[in-house]
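For the sequence shown, the numbering used here gives the first residue as 1, with consecutive numbering after it.
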Amino acid sequence: VFCRSVSSDAIAGILIEACCVYKTGGTGELVEACVGWTFLPLFLSNGNLVPNKSQAIPLYGGGAFEPNVEVDDTWQRKTAFGRPKKPQISISISSISRFKHSVVSTLPSTILTSTLNIKTISLFRRMIGEIL
């Protein structure tokens, strides 16, 4: 995922929901269920950007807008001391390379997209700029 924002608000971040889609047996209807969520802050409490590294973020139960839903711990692995291991999502954060700076400069000031789409969006915006 590629995220670009001009906001330097300390609470800026990415809300991540882990969902699954299943087909019901009787009607064959597709149903989406949220199995957990987490929040990835983009800034530290002192206002600096989150460092470029991999980090494990806790996974909370239910959906982001369903408070106080507990994570089902019946399936959790145990640690060496017999305590349940809390579910986490591992995320790797990195900055763009210098090579991509020219491409990123043509993107909108706020965008959230797949990294695979960056070149296509940049090319499209350059072509529109030339036409207009």
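We treat Cβ as the ideally placed atom computed from N, Cα and C, and that holds for glycine.
Among Leu15, Gly13, Ile121 and Glu32, which residue has its Cα nearest to the Cα of Tyr22? Residue numbering aside, residue 22 sits at position 22 when the sequence shown is read from its first letter. Considering only alpha carbons, the answer is Glu32.
Answer yes if the stretch 111-123 comes into contact with the stretch 62-70, meaning at least three C-beta pairs across the two stretches below 8 Å, and no otherwise. no
Whole angstroms is fine: what's the gap from Arg125's alpha carbon to Val104's? Counting from 1 along the sequence shown, the entry for residue 125 is found at position 125. Counting from 1 along the sequence shown, the entry for residue 104 is found at position 104. Using only the alpha carbons, I get a separation of about 11 Å.
How would you label Thr38, buried or exposed, when you count the other beta carbons within 10 angstroms and need 16 or more for buried? One-based indexing of the sequence shown puts residue 38 at position 38. Buried, since its Cβ has 16 or more Cβ neighbours within 10 Å.
Beta-carbon separation (whole angstroms), Gln88 vs Leu59, contact threshold 8 Å: In the sequence shown, the residue the question calls residue 88 occupies position 88. In the sequence shown, the residue the question calls residue 59 occupies position 59. At roughly 6 Å, the Cβ-Cβ gap stays under 8 Å, so Gln88 and Leu59 are in contact.
If I measure Cβ to Cβ from Leu44 and keep anything under 7 Å in the same chain, skipping five residues before and after, which residues do I get? Along the sequence shown, one-based indexing puts residue 44 at 44. Cβ within range, chain order: Val50.
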